[in-house]
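Here's the structure, in structure tokens; my notes come after.
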Amino acid sequence: MAWDDIKRQITESDVWQSMFRHGYEDTPRNRILMVSGNVWLHLHPSKVRRHAVRMRFTWCMGGITFLMFLVTTVTGIYLMFYYRPTAEYAYADMKYLEFDMPFGMLMRNMHRWAAHAMVIAVWLHMFRVFLTGSYKPPREFNWVVGVILLVLTLLLSFTGYLLPWDQLSIWAVTVGSNMARATPFLGHEGPGHELMGVNPIYDARAFLFGGGEIGPHTLLRFYILHCIFFPLVTSLFLAVHFWRIRRDGFSGPPL
Amino acid sequence: MAEEQAALQVVPGAGKRIEVPIRKAQGPGDDKVHTWPYLVRSEFICAILVTVLLIVWSLLSDAPLEEPANPTKTPNPSKAPWYFLGLQEMLVFFDPWHAGVTLPSLIIVGLMVLPFIDINPKGNGYYCFNDRKYEIMTFFLGFHILWVSLIIIGTFLRGPGWNWFWFWEPWDVHKVEAMTAVNLPYLMGVRNPTLDFIVGGALVIGFFALGTAAMYWWVVRLKGREFMKRWGGVRFGITAFLFLNMWGVVLKMLMRHLFAIKYIWVTPWINI
Chain H
46 MAWDDIKRQI TESDVWQSMF RHGYEDTPRN RILMVSGNVW LHLHPSKVRR
96 HAVRMRFTWC MGGITFLMFL VTTVTGIYLM FYYRPTAEYA YADMKYLEFD
146 MPFGMLMRNM HRWAAHAMVI AVWLHMFRVF LTGSYKPPRE FNWVVGVILL
196 VLTLLLSFTG YLLPWDQLSI WAVTVGSNMA RATPFLGHEG PGHELMGVNP
246 IYDARAFLFG GGEIGPHTLL RFYILHCIFF PLVTSLFLAV HFWRIRRDGF
296 SGPPL
Chain V
12 MAEEQAALQV VPGAGKRIEV PIRKAQGPGD DKVHTWPYLV RSEFICAILV
62 TVLLIVWSLL SDAPLEEPAN PTKTPNPSKA PWYFLGLQEM LVFFDPWHAG
112 VTLPSLIIVG LMVLPFIDIN PKGNGYYCFN DRKYEIMTFF LGFHILWVSL
162 IIIGTFLRGP GWNWFWFWEP WDVHKVEAMT AVNLPYLMGV RNPTLDFIVG
212 GALVIGFFAL GTAAMYWWVV RLKGREFMKR WGGVRFGITA FLFLNMWGVV
262 LKMLMRHLFA IKYIWVTPWI NI
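If you read the protein sequences in the order shown, they are chains H and V.
Residues in the first sequence are numbered from 46 upward in steps of one, following our numbering.
Residues in the second sequence are numbered from 12 upward in steps of one, following our numbering.
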């Protein structure tokens, strides 16, 4: 049987046609179906402005931020298989991961560098959106969502910083969280703390740490925030962010 | 909405499908290309390149892992993650409640209100400096000069004891810095604690009051009264407050670095 016959038999079968509704022919109709008929690609409009596609206009930074989010999700799930968020095991698991697990070190490196790259990319994305005035009507609200996503990116990165449970991580998180005890009214060293009756084991930082000092309870708390809470919240805001871009049109003057 | 409903009502015959264009692109902006392949192609290539770069970076350089956590052994210097070092550097100039809580909150809120206080319709969807000089310069000051350069200072120029070390200086744990900083009223010759409080308060409140007045005068001179009316008191007030806070940070940094001034206003509750 000729190759074309086999191909036709497959692509004309009921099973194939139940999954794929159009082919790859380069026709205007098909180009639109490619985007509108695909659950992932339909985040795009089917047409975009010519100038907005150019790399020197878009910088691709929003896309890179999202790519970094996906990379950290995939590598993060891999790391979760080998990591236990307890003071006894966390550091030992890091060593095990680095020296004994196949691709453990590479996965850890990719997770960490992608997280750093995500912070930088999200800043550059914000800078580009500012420069092209893309927060102006009708996209004001999406800029606000973007600022929330920026904060979530920093929180994701910060909560992950503690997990290796080495000197670098606990002291960086200690320094970073010390600010919380100076929160006006809610921190035990902040102005107005007398009025609220807060103390070192009952204030904003203790809420964050799960106790008066950084310890095993903090590790578990940060682990859950890092692996479940913030990724979920970030995904929700990402959905809103993308939906709004789709609705308000990709870069360029308002539709 | 009313138009849409009207359009739906005139659809002849039940079950018949018609397509009603909601908004039609027109004019010079109507220069569209298909997303597939033109945009998807760029995204795909970009994703591959970035992934390759990331893998190469991860093969060449290992993520740090130091000794096991030891709450009894504080390293010197102890630094926050690099993206927060701008805020840690602020601790040199301000008390923790301000550097660690108030300023970051102002940054976040300030960024969020940006689209609502900027009513300039120009510069939407294209790069242009001349259409929005002041917006771009302000963003540049906040993002590049303050945020990024403070991170660089915090990362590379701050050593043990959070003392300043130039790039070529070794980090000496025993470096002694004379604590010569005094408060601004003291420097002005005010030695009485009550008067000190009044002078400091007058300076801080005066900075915001005079700053707001100067900004009002400047905007009216530059853009005219008509613009100020359109901009409105609330937008102007928020903008002036955020703008003056930003310059206040710069001013306080300069006063500390150049004249060793610690606080401007000392009160029993807060110091500024």
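Even glycine gets a Cβ: it sits at the ideal position worked out from N, Cα and C.
Under the three-state reduction of DSSP, which class applies to Ile275 of chain V: helix, strand or coil? Note: Ile275 of chain V maps to coil in three-state DSSP.
Chain H within 8 Å of Leu117 of chain V, Cβ atoms only: no
Please state the DSSP three-state secondary structure of Val93 of chain H. strand
For Asn81 of chain V, three-class secondary structure by DSSP: coil
8 Å Cβ shell around Val218 of chain H - same chain, five flanking residues per side excluded: Answer for Val218 of chain H: Phe203, Tyr206, Leu207, Ile259, Thr263, Phe267, listed in chain order.
Cross-strand partners of Asp211 of chain H (DSSP beta bridge): V:Pro79
Output the boundary residues of the beta strand (DSSP E) element that contains Val44 of chain V. 43–45
Identify whether Arg99 of chain H lies in helix, strand or coil by the three-state DSSP scheme. It is coil, neither helix nor strand.
Which ranges would you report for the alpha helix (DSSP H) in the segment 198–252 of chain H if only whole runs of at least 4 residues count? 212–226, 238–241
Between V:Ile275, V:Val261, V:Asp42, V:Gly243, which lies nearest to Phe154 of chain V when the distance is taken from Cα to Cα? V:Val261
Let me know the secondary structure DSSP gives Trp177 of chain V once reduced to three states. Three-state result, Trp177 of chain V: coil.
Determine whether the beta carbon atoms of Gln212 of chain H and Glu77 of chain V lie at a separation below 8 Å. yes
Span separating the alpha-carbon of Ile290 of chain H from that of Met106 of chain H: 14 Å
CB contact below 8 Å: Met100 of chain H versus chain V: yes
Among residues of its own chain, excluding the 5 on either side of Gly134 of chain V, which ones have a beta-carbon nearer than 6 Å to its beta-carbon? Asp142, Arg143
Thinking C-beta only, is Trp242 of chain V closer than 8 Å to Ile130 of chain V? yes
Closest by C-alpha distance to Val189 of chain H, when choosing among V:Tyr94, V:Arg267, V:Thr113, V:Ile128: V:Ile128
Please list the partners that Ser72 of chain V has in chain H, where partner means a Cβ-to-Cβ separation under 9 Å. Asn154, Trp158
If we define contact as Cβ-Cβ less than 8 Å, is Ile55 of chain H a contact residue for chain V? no
Does any residue of chain H have a CB that is nearer than 8 Å to the CB of Arg202 of chain V? no
Using 8 Å as the limit for Cβ to Cβ distance, is Ser58 of chain H near chain V? Chain V contact via Cβ: absent.
Pick out whichever of V:Arg202, V:Val215, V:Gly97, V:Thr83 has its Cα sitting closest to the Cα of Trp158 of chain V. V:Gly97
Can the beta-carbon of Gly191 of chain H be found closer than 8 Å to that of Met163 of chain H? Note that the C-beta distance between Gly191 of chain H and Met163 of chain H is not below 8 Å.
Would Leu112 of chain H and Ala80 of chain V be called neighbours here (beta carbons separated by less than 8 Å)? no
With 16 as the cutoff for other CB atoms within 10 Å, does Phe65 of chain H come out buried or exposed? exposed
Please classify Val61 of chain V: is it buried, with 16 or more other beta-carbons within 10 angstroms of its beta-carbon, or exposed? buried
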